[in-house]
Each structure stands twice: as structure tokens, then as C-alpha cells.
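As you go down the protein sequences, you meet chains A and B in turn. Going by the numbering used here, the first sequence opens with residue 88, and the numbers climb by one from there. Going by the numbering used here, the second sequence opens with residue 88, and the numbers climb by one from there.
2 protein chains.
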Amino acid sequence: MSARIKQNKKLSSNMEDYLEAIAYLREKNKVARVKDISDLLQVKASSVSAAIDNLSKRDLVVHERYGYVQLTPVGEKMARDIAGKHKILVKFLTEILSIDPEIAGEDACKMEHSISSQTFEKLTKFMEFIETAPVKDKPEWLKAFNCYLKTGKRRACKIKRTKPKTKT
Amino acid sequence: MSARIKQNKKLSSNMEDYLEAIAYLREKNKVARVKDISDLLQVKASSVSAAIDNLSKRDLVVHERYGYVQLTPVGEKMARDIAGKHKILVKFLTEILSIDPEIAGEDACKMEHSISSQTFEKLTKFMEFIETAPVKDKPEWLKAFNCYLKTGKRRACKIKRTKPKTKT
DNA sequence: CAAATAAGTTAGTATCAACTAACAAAGAGA
DNA sequence: TCTCTTTGTTAGTTGATACTAACTTATTTG
């Protein structure tokens, strides 16, 4: 009588975060407990309980009282989709735009919930395109862009970074 | 006594949307009325009233009852910042990733509220870099990428697009 | 100008997702 | 096994933001 109220509407960003966290924890620790989710997402345990109820009603997770949280196949798939978006965004932000990893992560965490499938796909192709480039043309323009980021000039392309923190 | 409760916390996405709408309408129509905002954002007039109250308390807009809505200098600046993020996102999505303009607009509308300043700046530089490229190397890789998007192959670069929707 | 219509406001309600506080179950150590 | 601690749940509250319905002000038009 109660599971009758299956909510088929789109997931909110917040619920997506919970799904993602659960998937992440199961991957990392084999199991996901309320406490872990609570720590990871920086919310109180009671909020996690409420979220799990919500996700249960949508058949995205399975949870027996005082036990571990599991993903249903559908939940699993959704979590994977979200994580995929996260990953590609981080990749683009760090590798192309040279955003600091920490900020890239934060940006990705928020953008992953609003990016459309089309954009996700094209961005994926974009990164693929760059990665599979034949070595000779591959990094040319990207390197040039990085110079541009650093110097603001187009043709200063041979600069040596005297004290970068990477990549000599 | 009442304006005492100035809220200095960060604006929510929703409030940013209102600010942006007001700026847009003032640009387009010279004035912004509750009704216009309501139509533009697809919310009821009462919601607009509430939002305006909120923005007033933060000194971002000025509004006399039953009158037009104005932006304060601070509100104006914030609106411009948000619009700037929107614009650069649309530009990137359409010009680099070839996302359909409509979807690009939607994505930008949501992402503009979460993109960090750093990402905004780097993305701006990225577009700048591409646009100011000397003609010879400018579109080379971008063209190649577009081929790649269409054909999935790297070296099919000379295709003539007989009818855009291809990919038999 | 007065009645009709449009626009704006207010009050009260709903939903989402966080919180606190109080309570319940599990697990660990003596 | 009996406590103590940790973890999880429940109930009730809060804040943000949307809504509806009822009311008020402004504008238009006969």
C-alpha cells in the first residue's frame, strides 16, 4: 500500500548526489552505510535517512532498517550516468582549461546535474578526439592555448616554465 | 527597522534568475514589470513579488509598490556577471561543441549558476584564443573535430556535407 | 467619470531538503 | 550478559520558493 506511491518524476540534484555517493561508497568500501553517506555529503544522518526513503520509493535503492544501502539496477545505471558526467567535466576542466583540480571537482559536482545528454555526448567526443589525435597535431594547439593562458600572448609559445609544479 | 535584515549570503540560483530577467527586460523594454518577469520566467506574479522583496532586502533591486523594478548598481553588476557566464557558455557549447542553440541555452541557464569564476575566466580565454587565432591554424583542428563529430573518424576530413543529418 | 479589465499584493498552503532532539538498535569491551 | 558507544530512525521545525485565492491598485474604455 505504501510503495504504491512510486515517484516517477525526474530526480533532483540532491537525490542525484545521494545516488552518486552510494555508488561511490559501494565501489570503495563494498558497502554503503548511512554514516558514510552522511560524512561524505556533509549532511546529518537524519537527512540521509530521509533521502534513502525517497530513493526507495522510486525503486532506486534497497535498504533494510539498520542495514546497508544497495542500488537497484536502475539506480546503479543512474549513478553511473551521473558519475560519467562528473568525470568528463573534470577531465575537460583540468586537461583543457587547466582549472585547479579541486575547483574543477566542485564545478563538476554542480554542473553534472544540469548538463544535457547532448552536451555530455559532445564533450565526450571532444575529449576523445583530442586524446586519440595522432601525436604530431595532438598537443599543438592545446599547448599553444596553455601558453596563451599563461602569457596572454599568442606567439610566445616556447616559454620554459621555470617553476611550474608539474610537467617539465 | 525592517531593512535592517539585510541578507548578505550568496544568492540562490533562483534569485540570480530573477536578477538576470530584470536586467534583460530593462535592456529590451526599458522597464521591467512584475508581469514581464512572470511571463519570462514562467512563474506566477505572486512568486515574482516575493522574489522582489527578497532582492530588495539585499539591496539588489529597488521597487515601489505597483511600479517598475530597477536594479541597484550592485544588482546591475551581479546581473551582468551572470549574463556574462551565460553568454560564454552558450558560445562554447554552440561554437565548439556544436550543440543545438536551444539546448545550449538551456544548459547555459542552469550551468551559469554553478560555474566558478576561475572556470569562467579560463573558458573566456579559451574562446578568445580560438577567435583571435591567425587564420591559418585557426579552424584547422576545430574543423577536424567537427568532422569527427559527424563521421566518428579522424581522417575523413574533407567530407562535403550534402545533407547535414548524415551518418548512414 | 465609472465600470470593467489588467496588474500587483497579501495571506495561507505545499513541497523539498536540510536541521535538532529524542529515541532505538547494533556492536564492543569488561 | 550487561553496559557504553556508535549508528540509525522518527518526529517536529525551518527556510526557500512555488502555488492558489482573495483582495487592492492602476489602466482602459464606453
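We treat Cβ as the ideally placed atom computed from N, Cα and C, and that holds for glycine.
- Counting other Cβ atoms within 10 Å of its Cβ, N233 of chain A reaches 16 or more and is therefore classed as buried.
- Of the residues assessed, R152 of chain B falls on the exposed side of the cut-off, its CB having fewer than 16 other CB atoms within 10 angstroms.
- It is roughly 12 Å from the alpha-carbon of L142 of chain B to the alpha-carbon of K97 of chain B.
- Counting only unbroken stretches of 3 or more residues, the beta strand (DSSP E) elements lying wholly within the segment 114 to 158 of chain A are 148 to 150 and 156 to 158, in sequence order.
- By the beta-carbon neighbour count (other beta carbons within 10 angstroms, threshold 16), V148 of chain A is buried.
- A Cβ of chain A is located within less than 8 Å of the beta carbon of K197 of chain B.
- One Cα belongs to P188 of chain A, the other to T181 of chain A, and the distance between them is close to 6 Å.
- For the 8 Å CB-CB criterion, Q205 of chain B and I190 of chain A form a contact.
- DSSP places F216 of chain A in the uninterrupted alpha helix (DSSP H) bounded by S204 to E218.
- Remark: C-beta atoms of V161 of chain A and D146 of chain A approach each other more closely than 8 Å.
- For L184 of chain B, the C-beta contacts it makes with chain A under 7 Å involve T206, K209, L210 and F213, in order along the chain.
- Between the segment 123 to 138 of chain A and the segment 167 to 176 of chain A, the count of Cβ pairs shorter than 8 Å is below three; the stretches do not touch.
- A buried status is given to E199 of chain B, since no fewer than 16 other beta-carbon atoms sit within 10 Å of its beta-carbon.
- With 16 or more other CB atoms across the displayed protein chains lying within 10 angstroms of its CB, E103 of chain A is buried.
- Taking every protein chain shown into account, the CB of D194 of chain B has 16 or more other CB atoms within 10 angstroms, so this residue is buried.
- Counting the other CB atoms within 10 Å of its CB gives V118 of chain A a total below 16, which places it among the exposed residues.
- Taking the C-beta atoms as reference points, L112 of chain B is found nearer than 8 Å to L127 of chain B.
- Closer than 8 Å to the CB of E218 of chain B there is not a single CB belonging to chain A.
- DSSP places E193 of chain B in the uninterrupted alpha helix (DSSP H) bounded by P188 to M198.
- Spatial neighbours of S100 of chain A in its own chain (CB-CB distance under 6 Å, excluding positions within 5 residues in sequence) are listed in chain order as H200.
- By a beta-carbon distance limit of 8 Å, I186 of chain B does not contact L210 of chain B. Their separation comes to about 14 Å.
- Within chain A, not a single residue places a beta-carbon under 9 Å from that of I169 of chain B; the smallest gap is close to 15 Å.
- A distance below 8 Å between beta-carbons, with the five flanking residues on each side excluded, links V177 of chain A to the following residues of its chain, in chain order: P188, A191, G192 and A195.
- Sequence-distant Cβ neighbours of M214 of chain A in its own chain, meaning closer than 7 Å and more than five residues away, are I175, K178 and F179.
- Taking C-alpha positions only, G154 of chain A is separated from I202 of chain A by approximately 34 Å.
- At a beta-carbon threshold of 8 Å, the residues of chain B lying near E193 of chain A are S203, ordered along the chain.
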